[in-house]
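Chemist: To start, I am sharing the structure in question, which I have written as structure tokens.
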Amino acid sequence: MNAPTPKKMFIRTYGCQMNVYDSERMTEALTGAGYEAVDAPEDADLVLLNTCHIREKAAEKVYSELGRIRKMAAEKAERGGGAMRVGVTGCVAQAEGEEIVRRQPLVDLVVGPQAYHRLPAMLDALDGGAGAQVVTDFPTEDKFEALPQRAQRKSPSAFLSVQEGCDKFCAFCVVPYTRGAEFSRPVAQVMTEARRLAASGVREVTLLGQNVNAYHGEGDGGAWSLARLIRAIAGIEGIERIRYTTSHPNDMDDDLIAAHADTPELMPYLHLPVQSGSDRVLKAMNRKHTAEDYLRLIERIRATRPDMALSGDFIVGFPGETDADFEDTLALVEATRYAQAFSFKYSPRPGTPASTAEQVPEAVKDARLARLQASLRAHQTRFQEDCVGRTMPVLFEKAGREPGQLVGRSPYLQPVHAYAPETLLRRIVPVRMEAAFPNSLSGTLIEEVA
Ligand code: SAH
Ligand code: SF4
Ligand code: F3S
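Going by the working numbering, the sequence shown opens with residue 1103, and the numbers climb by one from there.
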């Protein structure tokens, strides 16, 4: 008997790596429930928008995208292509809930980040004639345990969420509300998933969490730290590289710093957001550390791992930020010498404490952002140029744009282009860096590798 023709699903992902990971897990869950992933929404039987709520207009963007999808769904029906089910998942789903269905009745499904394992049952309910399904509570069962295990993968590099949620309540941030209280997946569950990834050809895992270095999952003999988890994953046959993101400065303990020296699989790249260089602003942000604490921490990290590439996040124009506060941020950037960094204008988020304070004028935010970005760009250019002439191990991930070219990653997370045979895909190979670009490097193989 032939299997029934799979239905087509399309998932569009916004926001952070945790959403990318969640989209992969939803794809896997729905593949088991009679769907296949397609690359465009036009003919899809199910379209999911996996959304982000971190900055302003995120929700508005979702509504305008839903407007476009509504037209697509009508066109599909006119062509005789049948119905298109539409769902909103992720942090906007969590924040807006029922309101999404009220504003856009086309939407059949609204699912918060902790309830994705319920998707197949929700789709069954719709097939059975039920009305729009909205789940934004934090169910007691564990979504990770209930989702099917990881499928065969094309890329040698994979994300693995180990921690989710946040209890820190920075005054600007929606994450504690959209992702819920901080929790860590148990060690055994993470190890099983990491072993499966290795068995399916993965060579590099990036451990994910909103505050991944606060990891404290249950393992042998009690709670394990992230450092202990990393050392255990490093012991898995086939796993050659480990990364983790995002870290909070206050959870960067000595053991994790030490792991960067004693665990060769752990890559020398650290995303460690500081947000501001002004103690006054840090205090108002509820970050619970000073600029000096951060700079000391960077010194300790560099003393242990001198080549550590540092990355960060910054917010300009937080309520009450003065020119002097902003100068402190520029000074911190000079002292830290980031390899890469992300910077944003403060965006008031409904329900967060800072949103009701008096706002910094938009023009001031624009001017500060431009200055900060110029400074960060100069540091990044210096870091990129310093790589030229060095030989680095590169993990080749996929074909490049030019024929005969592959693209991989350096230990410092930079994309590296090189002419190399396809037999080197998924392998870590020494490459001599010949040229630096703003966000990537190009190099040549230094030896014949079969
Ligand atoms: N958990 C991470 C970051 C999560 S959000 C941490 O603690 O650092 C990613 C980044 O978005 C933040 O680091 C911050 O720089 C930015 N961000 C968060 N809320 C914001 C807001 N309301 N306006 C502007 N940027 C924001
Ligand atoms: Fe948001 Fe702060 Fe938690 Fe990071 S630590 S997710 S910025 S509340
Ligand atoms: Fe966005 Fe939610 Fe991630 S708000 S940044 S998708 S945790």
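All C-beta atoms in this analysis are idealised placements derived from N, C-alpha and C, irrespective of residue type, glycine included. If you're wondering where the values come from, they're calculated on a predicted model, not measured in any experiment.
For G1414, which of A1232, Y1116, T1406 and L1397 has the nearest alpha-carbon?
Modeler: Closest by alpha carbon: L1397.
Chemist: Among residues of its own chain, excluding the 5 on either side of V1314, which ones have a beta-carbon nearer than 7 Å to its beta-carbon?
Modeler: V1264, Q1265, L1328, Y1346, T1347, T1348 and S1349, listed in sequence order.
Chemist: What residue range is occupied by the uninterrupted beta strand (DSSP E) comprising T1115?
Modeler: K1109 to T1115 is the extent of the beta strand (DSSP E) around T1115.
Chemist: So, under 8 Å CB-CB, E1246 and Q1291 are touching, yes? Tell me the CB distance rounded to an integer number of Å.
Modeler: The sequence given here has Phe at residue 1246, not Glu. The Cβ separation is near 6 Å, so the contact holds.
Chemist: Sort out for me which residues DSSP pairs G1545 with in a bridge.
Modeler: G1545 pairs with A1520 and M1535.
Chemist: CB E1138 to CB K1163, shorter than 8 Å?
Modeler: No, Cβ-Cβ distance for E1138 and K1163 is not below 8 Å.
Chemist: Can you tell me the Cα-Cα spacing of T1493 and F1261, whole angstroms?
Modeler: Their Cα atoms are separated by approximately 26 Å.
Chemist: Between V1418 and R1470, is the Cβ-Cβ spacing less than 8 Å?
Modeler: Yes; because the gap between Cβ atoms is below 8 Å, this pair is in contact.
Chemist: Do the segment 1225 to 1239 and the segment 1110 to 1122 make contact, defined as three or more Cβ pairs closer than 8 Å?
Modeler: As far as the Cβ criterion goes, the segment 1225 to 1239 does not touch the segment 1110 to 1122, which means the pair count is below three.
Chemist: Tell me where the beta strand (DSSP E) around T1308 begins and ends.
Modeler: Per DSSP, T1308 belongs to the beta strand (DSSP E) from E1306 to L1310.
Chemist: Once you ignore the five residues that flank H1373 on each side, which residues in its own chain have a CB closer than 6 Å to its CB?
Modeler: Hits under 6 Å: T1347, T1348 and S1413.
Chemist: Using the beta-carbon count (16 or more within 10 Å), is E1549 buried or exposed?
Modeler: Exposed.
Chemist: What residue from E1158, P1523, C1489 and T1525 has the CA that sits closest to P1517's CA?
Modeler: Measuring from the Cα of P1517, the nearest candidate turns out to be C1489.
Chemist: How long is the line joining the alpha carbons of L1132 and R1281, rounded to whole angstroms?
Modeler: So the alpha carbons of these two residues sit roughly 22 Å apart.
Chemist: Do A1411 and F1485 have their C-beta atoms closer together than 8 Å?
Modeler: Against a cut-off of 8 Å, the Cβ pair of F1485 and A1411 comes out as a contact.
Chemist: Helix, strand or coil: how does DSSP classify N1388 here?
Modeler: N1388: coil per DSSP, three-state reduction.
Chemist: Go through the segment 1130 to 1185 residue by residue and report every complete run of the beta strand (DSSP E) that reaches 3 residues or more, in order.
Modeler: Counting whole runs of 3 or more residues, the segment 1130 to 1185 contains the beta strand (DSSP E) stretches 1137 to 1139 and 1148 to 1153.
Chemist: Candidates T1438, E1436, L1309 and L1384: which alpha carbon is nearest T1424's?
Modeler: Nearest C-alpha to T1424: L1384.
Chemist: Could you give the uninterrupted runs of the alpha helix (DSSP H) lying entirely in the segment 1207 to 1292, keeping only those of 4 residues or more?
Modeler: Complete alpha helix (DSSP H) runs here, min 4: 1221 to 1229, 1245 to 1248 and 1277 to 1280.
Chemist: Which residues mark the beginning and the end of the beta strand (DSSP E) in which G1192 is found?
Modeler: Unbroken run through G1192 is the alpha helix (DSSP H), G1192 to E1198; no beta strand (DSSP E).
Chemist: Is H1373 near the ligand F3S - that is, is its Cβ less than 7 Å away from at least one heavy atom of it?
Modeler: No, since every heavy atom of the ligand F3S falls outside the 7 Å radius drawn around the Cβ of H1373.
Chemist: Give the residues whose C-beta lies closer than 6 Å to at least one heavy atom of the ligand SF4, in chain order.
Modeler: Result (chain order): C1268, K1270, F1271, C1272, C1275, V1277, P1278, Q1312, N1313 and H1350.
Chemist: Please classify A1552: is it buried, with 16 or more other beta-carbons within 10 angstroms of its beta-carbon, or exposed?
Modeler: With a pLDDT of 47 at A1552, under the threshold of 50, the modelled position of that residue is not reliable, and no figure is offered here.
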